[in-house]
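Student: Structure incoming, see below.
Listed below in structure tokens is the structure:
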């Protein structure tokens, strides 16, 4: 039963029609993200950007609203 195809009507995805969801990184942010990539041991600039965004949002959410 494990070898049976349960859903045979799944359409195939043409890889040429799939858009790349990654936006181009601006030159003004590139040097900072390269530092994050090297110090964080990350594979590429997009991973560094994603991690930086997560850290920024966490720090923003942890800040107090008292001024």
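In our numbering, the protein residues as written are 46 to 112. C-beta atoms are modelled at their ideal positions from N, C-alpha and C, and glycine is treated no differently.
According to DSSP, is residue 85 helix, strand or coil?
Tutor: Here DSSP, grouped into helix, strand and coil, assigns residue 85 to helix.
Student: Three-state secondary structure (DSSP) at residue 71?
Tutor: It is coil, neither helix nor strand.
Student: Which whole-angstrom value describes the C-beta separation of residue 94 and residue 70, a residue pair presumed to lie in contact below a C-beta threshold of 8 Å?
Tutor: 6 Å
Student: Between residue 72 and residue 109, what straight-line distance do the alpha-carbon atoms span, to the nearest angstrom?
Tutor: Distance from the CA of residue 72 to the CA of residue 109, rounded to the nearest whole angstrom, comes to 32 Å.
Student: Please report how far the alpha carbon of residue 78 lies from the alpha carbon of residue 105, in whole angstroms.
Tutor: 19 Å
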